[in-house]
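Below you'll find the structure, written out as structure tokens, and then a few comments.
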Amino acid sequence: MRSHSCGLLNESLINEPVILCGWVNRRRDHGGVIFIDLRDRSGLVQVVFNPELADAFALAEQVRNEYVLRITGTVRRRPEGTENPELATGQVEVVGQYIDILNAAETPPFQLDEAHVGEDIRLRYRYIDLRRPEMQARLQLRANITRLLRQFLDEQGFLEIETPMLTKATPEGARDYLVPSRTHPGQFFALPQSPQLFKQLLMMSGMERYYQIVRCFRDEDLRADRQPEFTQLDIEMSFIDESIIKNMMESMMRQLFKEVKGEQLPEPFPSMSYEDAMLRYGTDKPDLRVPLVLTEVSDLMAEVKFKVFAKPANDPEGRVAALCVPRLKISRKQIDDYTDFVAIYGAKGLAYIKVNDITAGRNGLQSPILKFLPDKAIEGLLERTKADSGSLIFFGADKAKIVNEALGALRLKIAEDLKLIQKNWKPLWIVDYPMFEWDETEKRWVSLHHPFTAPNVQDIETLEANPGACLSRAYDMVLNGEEIGGGSIRIHRPEMQSAVFRVLGIGEQEASEKFGFLLDALKYGCPPHGGIAFGLDRLVMLMCGASSIRDVIAFPKTQTASCLLTSAPSPASPAQLRELHIRLRSNNPH
RNA sequence: GGAGCAGUAGCUCAGUUGGUUAGAGUAUCGGCCUGUCACGCCGAGGGUCACGGGUUCGAGUCCCGUCUGCUCCGCCA
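Per my numbering, the first sequence starts with residue 1, numbered consecutively.
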């Protein structure tokens, strides 16, 4: 059908006959000469039609944008002075001799070269949107990434193994997508939130090294970096500890970035405890490209006569922290805007101190709260925050959770506003996560990672005596403020797994109903094992500089989890519902 | 469940204090044009101002509700 790809034609093919297939990117009709830019996946090439070849010229007059053509012609050097250095093929052109119109095309609903088409219209006509070179490049990059990841893991002796999509609903974690069973009235499959249990079972099956690029489903509300179905690179290994898998995963990422981006990632990746991350960045996925940090000042504020600070400073669950921004000149209005911004995270206010002259002590400072602060607190504050003349110090004082989220977000917001974000790659590991977190609404311990994560203690007594103090053997890989991967060494002893279920308040009966197969499997010879899962969409998004994972997914969903292209979801027919033993509570859902 | 932003020509947008026939760019269609590459020039067509209600002599503009898209909180690892 075709002999060459449009974007690959060059001077080495001059005088060669070629047959090209592609879309009309643009037609320029000069009356006596017609240019058609023909586009395929490889790029563009200009085809020229002259009136001497009357048949081809007549067809060239008829074609319109996005027509699909097969063109026969000859490559030639462009006449001197008409070369186009913007185009990879710009030194040559094809003299068109024959045109087959393989298919006509209606006028597209949007122009492919329009920079700011609404995302809804792009999604509705995604097949046209994906023709744009930018989107082609993103999907190409995604394919390159998955190929290199597979190649690396294959070389390390991993087996790619598939796991079920129709599986069992699990308690804990996200809301499940349910699939009704026709053959079991009233019963449901769940789509996997991740293949977690299956990959552990594969370790118990003696597979030793497993990976899979696998779709996962979570029925939760969407974000720019969250889709209801997303792709994980899922990995599990037997007979390992943290250092083995972390080192291997680091090498994988270093190799990936080197080959795809030509970038050298650090060796080794820095490592930070969860506690340090929360103290210094207010989050467990710190963006190390931002040179601002939070400063703990609870102890300095414990004695001050300012209730807003003193109360959280003396509350074991409270925190007073400072965010010092050097050389920050902003208006009252901008401070108000930042106050509104932190209110999103539940902060009731945003106290601040302007440092006009660091050498003048208290007199060099300017703040509505200055009068509440004794000299000692001010001294300590200025020293710890390394404030200088021109600095602005913001404060968060509340429950630690609120302070962390508010100041953590403010840190990123200010960095963005002030263009303080460095242009490089900053990966790191977050380790030493707490095993459990106390859920105040449910009045019980919940897993910070998941219930199969091994605790950092050997004996069950220590775990059960003080669950809140127990750390886990989990590790997250963070890149530029995005959590791109997370994993852990798993529990491989049935007694420990039962103990963790007990701490989580999962009774013996429930445990055996929901996870009986896992507890059984642990009894039949389970190797020590652990693994990790990477959010592939997020990784690709970062690597191609996109701001949403929708831009690296061929057919993504909107924020309300619908597909504008297919109009899914849509009502099921009464016959389908009857077969599935389902009756709707309302007959008029639309 | 909640907060914010947006919805006007196929697309991207403007539309002043509520006031005559709702505009621009681009795309489309027609004509002219032999070296353009965002070709150029001339002309034409194209509007349920998201939807529903209200206020008013009069609503794209003001008010209420609904829907859709995006960002975020909650939710989610």
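Each residue gets a CB set at the ideal place from its N, CA and C atoms; glycine is no exception.
For residue j and residue i, the rounded distance between their alpha carbons
| i | j | result |
| --- | --- | --- |
| residue 589 | residue 570 | Any reading at residue 589 is ruled out, since the residue's pLDDT is 44, under 50, leaving its predicted position unreliable. |
| residue 170 | residue 197 | 10 Å |
| residue 128 | residue 280 | 46 Å |
| residue 405 | residue 288 | 16 Å |
| residue 307 | residue 373 | 11 Å |
| residue 146 | residue 7 | 24 Å |
| residue 209 | residue 225 | 29 Å |
| residue 365 | residue 140 | 55 Å |
| residue 239 | residue 103 | 58 Å |
| residue 190 | residue 164 | 10 Å |
| residue 291 | residue 325 | 9 Å |
| residue 413 | residue 419 | 10 Å |
| residue 386 | residue 162 | 53 Å |
| residue 106 | residue 99 | 19 Å |
| residue 348 | residue 312 | 13 Å |
| residue 538 | residue 485 | 9 Å |
| residue 45 | residue 38 | 6 Å |
| residue 659 | residue 256 | This structure leaves residue 659 out entirely; the chain is present only between 1 and 590. |
| residue 69 | residue 84 | 23 Å |
| residue 572 | residue 123 | 23 Å |
Range of the contiguous beta strand (DSSP E) that encloses residue i
| i | result |
| --- | --- |
| residue 319 | 318 to 325 |
| residue 428 | 427 to 431 |
| residue 338 | From DSSP, residue 338 is part of no beta strand (DSSP E) but of the alpha helix (DSSP H) over 332 to 343. |
| residue 354 | 351 to 355 |
| residue 25 | 17 to 29 |
| residue 272 | 271 to 273 |
| residue 398 | 392 to 399 |
| residue 44 | 43 to 49 |
Beta carbon of residue i nearer than 8 Å to that of residue j
| i | j | result |
| --- | --- | --- |
| residue 20 | residue 101 | no |
| residue 483 | residue 285 | yes |
| residue 11 | residue 92 | yes |
| residue 475 | residue 246 | yes |
| residue 222 | residue 561 | yes |
| residue 454 | residue 490 | yes |
| residue 294 | residue 411 | yes |
| residue 438 | residue 479 | no |
| residue 408 | residue 558 | no |
| residue 402 | residue 346 | yes |
| residue 533 | residue 204 | no |
| residue 138 | residue 544 | yes |
| residue 220 | residue 174 | yes |
| residue 579 | residue 26 | no |
| residue 253 | residue 427 | yes |
| residue 237 | residue 529 | yes |
Reduced DSSP secondary structure (H/G/I, E/B, other) of residue i
| i | result |
| --- | --- |
| residue 578 | helix |
| residue 649 | The chain is shown from 1 up to 590; residue 649 falls before or after that span and cannot be answered. |
| residue 177 | coil |
| residue 589 | Reliability fails at residue 589, whose pLDDT of 44 lies under 50, so the model's placement of it is uncertain and no value is given. |
| residue 133 | helix |
| residue 516 | helix |
| residue 265 | coil |
| residue 313 | helix |
| residue 528 | coil |
| residue 163 | coil |
| residue 446 | strand |
| residue 211 | strand |
| residue 441 | coil |
| residue 481 | coil |
| residue 237 | strand |
| residue 476 | strand |
Residue i beta carbon near the ligand GTP (any heavy atom closer than 7 Å)
| i | result |
| --- | --- |
| residue 315 | Of the ligands one can find in the structure shown there are none, so the ligand GTP has no counterpart to examine. |
Start and end residues, alpha helix (DSSP H) containing residue i
| i | result |
| --- | --- |
| residue 98 | First-last for residue 98: 92 to 103, but that is the beta strand (DSSP E), not the alpha helix (DSSP H). |
| residue 499 | 494 to 503 |
| residue 74 | Note, residue 74: premise wrong, no alpha helix (DSSP H); beta strand (DSSP E) at 68 to 77. |
| residue 241 | Here residue 241 belongs to no alpha helix (DSSP H), and DSSP marks it neither H nor E. |
| residue 537 | 536 to 543 |
Cβ pair count under 8 Å reaching 3, the region 292 to 300 against the region 321 to 332 | yes
At least 3 beta-carbon pairs within less than 8 Å: the region 7 to 19 vs the region 56 to 67 | At 8 Å Cβ cutoff, the stretches do not touch.
Below 8 Å, can you find three or more Cβ-Cβ pairs linking the region 425 to 445 to the region 262 to 273?
-> yes
Taking contact to mean at least 3 C-beta pairs separated by less than 8 Å, is the region 383 to 393 in contact with the region 216 to 234?
-> no
Should the region 514 to 522 be called in touch with the region 494 to 501, which here means at least 3 C-beta pairs below 8 Å?
-> yes
Is the region 129 to 138 touching the region 541 to 556 in the sense that three or more CB pairs, one from each, lie closer than 8 Å?
-> yes
Per the contact definition of three or more C-beta pairs closer than 8 Å, is the region 201 to 219 in contact with the region 104 to 121?
-> no
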